[in-house]
Amino acid sequence: MDKLEDKVLKRALSDKRLDPDQQRYYLGTYAERVILSVPLAEATNEKVKNYLETELPNLSMTYQPLALKISSELAPQYQILYMKLAKQYHLTATIVTEKHMTSPFGFILHTDHAINLNETRLDIILKQSESERPIKQASEKPKSFWQKFFQ
0 MDKLEDKVLK
10 RALSDKRLDP
20 DQQRYYLGTY
30 AERVILSVPL
40 AEATNEKVKN
50 YLETELPNLS
60 MTYQPLALKI
70 SSELAPQYQI
80 LYMKLAKQYH
90 LTATIVTEKH
100 MTSPFGFILH
110 TDHAINLNET
120 RLDIILKQSE
130 SERPIKQASE
140 KPKSFWQKFF
150 Q
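Here it is as structure tokens:
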């Protein structure tokens, strides 16, 4: 009976995981489940916080259920900030601490099933959204004298 209990305990504590290197890299989840990933260096940026505040409601409606995994290597004030944001939008949030963690990410926003997004890094998503914005044309047709006069 002790052997059975030991086996159950080992499985519960994740001694034998499917692709443990990928799970360590993505803070305990798989690459195909990741919706948004932010490197440690950028997790303290104000743009990241602003993006999350505006886009988290849309993301939580699009992908159900959502969870936020936060690296223990992130500064405590930012851990608390992201935990509060997750709570505000009814997401589960976890601070991940692992002995042999090899993750470069400050936090990962993920779901419990595979979605296979092409791009999940927030810095690249922000650059793409800035380049897709329509550029306002500075050289519009000048108004004629009569158009200026009658407006």
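Quick note: the sequence shown, position 104, residue 103 per numbering that gives the first Met the number 0, numbers continuous. Quick reminder that beta carbons are idealized off the backbone N, C-alpha and C, glycines included. Computed from a predicted structure; not experimentally measured.
Given this structure, state the Cα-to-Cα distance separating Lys-86 from Gln-127, to the nearest angstrom. 28 Å
Glu-129 to Asp-1 span [Cα, whole Å]: 59 Å
For the alpha helix (DSSP H) containing Leu-164, list its first residue and its last residue. With the chain covering only 0 through 150, there is no way to say anything about residue 164.
Rounding to the nearest angstrom, what Cα-Cα distance links Leu-65 and Leu-3 in this structure? 34 Å
Expected contact under 8 Å - CB spacing of Lys-68 and His-109 to nearest Å: 7 Å
What is the rounded straight-line gap between the Cα of Phe-106 and the Cα of Glu-72? 10 Å
Extent of the continuous beta strand (DSSP E) run through Ala-92: 91-95
Looking at the strands, I want to know which residues DSSP matches up with Arg-32. Bridge partners of Arg-32: none, in fact.
Among all the DSSP beta bridges, which residues are the ones paired with Thr-110? Leu-65
For the alpha helix (DSSP H) containing Pro-75, list its first residue and its last residue. 75-87
Other residues of its chain near Tyr-24: CB distance less than 7 Å, five sequence neighbours each side excluded: Thr-101 and Ser-102
Would you call Phe-149 buried or exposed, if buried means 16 or more other Cβ atoms sit within 10 Å of its Cβ? exposed
Range covered by the alpha helix (DSSP H) that runs through Lys-126: 121-131
Just how far apart, CA to CA, sit Ala-40 and Glu-52? 19 Å
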